[in-house]
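K.L.:
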Ligand code: XMP
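In my numbering, the protein residues as written are 993 to 1511.
So this is what it looks like as structure tokens:
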């Protein structure tokens, strides 16, 4: 982002790079993650207050990433972490070598707490290590400021410049005083720590205005936080006359979800919503379909077809109609656009990209108001814009919606049963104060006939499975240990209140080996 005080992070492929960025942002310091081959001139163009060289899976013997050595001759404060420290040492006339089995896990270090980067720490500190190489010959420009118990150099400081290297990972929670170290670096960088959601909103509004000029924006609002934040930010920046929100009800949403989109916009004084009730079209197209991938394909294609037509309705074809997307900073990083080529391409099947949107991208007509922020920052933006807490912090919901939470064929009655069960489950979880502790909680309908007894009669009914998982990113997950007392209450209510359900089970599968969704 232009003109925002920040610290730049050069990403050498560490799995913790995003965590470094999160830690700094928690300290109200904006960060930009850059490709490791970004040269000093480019870095300096946006005047960072400091530079962090991340860790990485490689060794400095085999991987140097076209790193611009001029960076190490600048007076901008630098913190090298793990691979970053080894790179600094190697390129400043020192050397590193492999240390047999390496150092992994927790270790006590003896630390020189007079060093600015270790201010406020004790002489002995617990840190978390994960490296196979270490300093062999210390660079003549640095001195050692920490050692492990077997005398391996664990941190270095430049003799004249504000450049530091640590062999361990201060960004992970297993290094108890890691935040203090990062905080010390922020002090060394003289950051004013004024990054917050209010000034993000102001600067992104400015960016949207600049980009759109006297044009207009068409925005899809699904009900999820990403599209809610990006649509509202466009309104804040451009006003009600130049933003055209589209909501497509595919009939596969949770109870009251489409209505809540309209209500939210109305509460913001926005009434020009293009509400497309396509539920019958989706249900018709899904008739008789049981294969999950086939369901996804049908839903995705129909969605694209409808969206294309709706965007077309608002397109003035003068190169001034933009399309707004809720892309997050992490999406850009994961697709390799935001940082180094080391980042894996993870998200593909989750994004709906109709040809018309791709064409707009090629013409530079895509607005992405969330592209500088992380998911929980998007939630904070929502709250700052007056979105109620329950909507701003709602769990992720898959694009194909309830279609992949009904095993087998989708039918209206099945959707109704599932909606009611899901609503009861979430209501009880919320009431018990568990909702915010869970990554995703939802009900699944198993159209399997099981036997029950009510009063003196035997009953036949369907099964509802309850799922709740904790996760950081949906890539791995553990089942949540929701207390039996809550599960019992949910079960009783579901069986008593929803005709057609006579059994409730709880899913205790983690991911891997399971997936979060059942289909
Ligand atoms: P799985 O089931 O793969 O889910 O462990 C990981 C995360 O992705 C969501 N998910 C989807 N989201 N379209 C989406 O937009 C899909 O087809 C889809 N399948 C799974 C899931 O809800 C979880 O958050």
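Glycine residues also receive a C-beta, built at the ideal position from the N, C-alpha and C atoms.
Given residue 1505, which residues of its chain have a CB within under 8 Å of its CB, disregarding the five upstream and five downstream residues?
P.N.:
none
K.L.:
Return helix, strand or coil for residue 1284, following the three-state DSSP convention.
P.N.:
helix
K.L.:
Whole angstroms is fine: what's the gap from residue 1078's alpha carbon to residue 1014's?
P.N.:
23 Å
K.L.:
Would you say residue 1201 and residue 1230 are within 8 Å of each other, going by their C-beta atoms?
P.N.:
yes
K.L.:
Is residue 1509 near the ligand XMP - that is, is its Cβ less than 7 Å away from at least one heavy atom of it?
P.N.:
Between the ligand XMP and the CB of residue 1509, the shortest heavy atom gap is smaller than 7 Å.
K.L.:
At a cut-off of 7 Å, would you count residue 1346 as near the ligand XMP, judging by its Cβ distance to the nearest heavy atom?
P.N.:
no
K.L.:
Spatial neighbours of residue 1489 within its chain, please: CB distance less than 8 Å, with the 5 preceding and 5 following residues excluded, ordered by chain position.
P.N.:
1412 and 1416
K.L.:
Considering residue 1164, what are the terminal residues of the alpha helix (DSSP H) in which it resides?
P.N.:
Taken as a continuous stretch (DSSP letters only), residue 1164 belongs to no alpha helix (DSSP H), as it is neither H nor E.
K.L.:
Decide if residue 1177 is buried, meaning its Cβ has at least 16 other Cβ atoms within 10 Å, or exposed.
P.N.:
Classification of residue 1177: buried, given that the 10 Å Cβ count is 16 or more.
K.L.:
Between residue 1510 and residue 1436, which are expected to be in contact by the criterion C-beta below 8 Å, what is the C-beta distance as a whole number of angstroms?
P.N.:
5 Å
K.L.:
Check whether the Cβ atoms of residue 1383 and residue 1141 lie closer than 8 Å to each other.
P.N.:
no
K.L.:
Indicate whether the contact test is met: 3 or more Cβ pairs, each with one atom in the segment 1352-1364 and one in the segment 1236-1256, closer than 8 Å.
P.N.:
no
K.L.:
Comparing alpha-carbon positions, which option in 1502, 1457, 1484 and 1483 lies nearest residue 1466?
P.N.:
1502
K.L.:
Can you tell which of 1184, 1300, 1183 and 1182 has its C-alpha closest to the C-alpha of residue 1240?
P.N.:
Relative to the Cα of residue 1240, the nearest Cα in the group 1184, 1300, 1183 and 1182 belongs to 1300.
K.L.:
Give, in chain order, every unbroken run of the beta strand (DSSP E) that is at least 3 residues long and sits entirely within the segment 1127-1194.
P.N.:
1134-1140, 1145-1150 and 1155-1158
K.L.:
Could you name each continuous beta strand (DSSP E) segment of 3 residues or more that falls completely within the segment 1404-1446, going from the start of the chain to the end?
P.N.:
1432-1446
K.L.:
Verify the contact flag: residue 1466, CB atom, against every heavy atom of the ligand XMP, threshold strictly below 7 Å.
P.N.:
yes
K.L.:
Out of curiosity, what's the CA-to-CA distance linking residue 1339 and residue 1152?
P.N.:
Any reading at residue 1339 is ruled out, since the residue's pLDDT is 31, under 50, leaving its predicted position unreliable.
K.L.:
According to DSSP, residue 1453 sits in a beta bridge with which residue or residues?
P.N.:
1442
K.L.:
The beta strand (DSSP E) spanning residue 1237 covers which residue range?
P.N.:
1235-1241
K.L.:
Does DSSP put residue 1459 in a helix, a strand or coil?
P.N.:
strand
K.L.:
What does the alpha-carbon distance come out to for the pair residue 1054 and residue 1090?
P.N.:
If you take the alpha carbons of residue 1054 and residue 1090, they lie about 12 Å apart.
K.L.:
Would the segment 1126-1145 count as touching the segment 1098-1115 if we require 3 or more Cβ pairs under 8 Å?
P.N.:
Contact between the segment 1126-1145 and the segment 1098-1115 is established, with three or more Cβ pairs separated by less than 8 Å.
K.L.:
Determine the extent of the beta strand (DSSP E) in which residue 1059 is found, giving its start and end residues.
P.N.:
Residue 1059 -> no beta strand (DSSP E), and no H or E assigned at all.
K.L.:
Would DSSP call residue 1208 helix, strand or coil?
P.N.:
strand
K.L.:
Taking the straight line between their C-alpha atoms, what separation do you get for residue 1197 and residue 1225?
P.N.:
Residue 1197 and residue 1225 have their C-alpha atoms roughly 7 Å apart.
K.L.:
Taking all protein chains shown into account, decide if residue 1414 is buried (16 or more other Cβ within 10 angstroms of its Cβ) or exposed.
P.N.:
buried
K.L.:
Put residue 1496 into one of helix, strand or coil per three-state DSSP.
P.N.:
strand
K.L.:
For residue 1268, report the span of its beta strand (DSSP E) as first-last.
P.N.:
1266-1269
K.L.:
On the DSSP bridge assignment, give the partners of residue 1098 in chain order.
P.N.:
1120
K.L.:
Between which two residues does the beta strand (DSSP E) containing residue 1023 stretch?
P.N.:
1022-1026
K.L.:
Is the segment 1304-1324 touching the segment 1355-1373, taking contact as three or more C-beta pairs under 8 Å?
P.N.:
Taking a cut-off of 8 Å for Cβ pairs, the segment 1304-1324 and the segment 1355-1373 touch, as three or more such pairs fall below it.
K.L.:
Helix, strand or coil for residue 1087, going by three-state DSSP, please let me know.
P.N.:
In this structure, DSSP gives residue 1087 an extended state, which the three-state scheme calls strand.
K.L.:
Candidates 1002, 1168 and 1456: which alpha carbon is nearest residue 1098's?
P.N.:
It is 1168 whose Cα lies nearest to the Cα of residue 1098.
K.L.:
Report yes if the C-beta distance between residue 1012 and residue 1046 is below 8 Å; otherwise report no.
P.N.:
yes
K.L.:
Between residue 1461 and residue 1472, how many whole angstroms is the CB-CB distance? I'm expecting something under 8 Å.
P.N.:
6 Å
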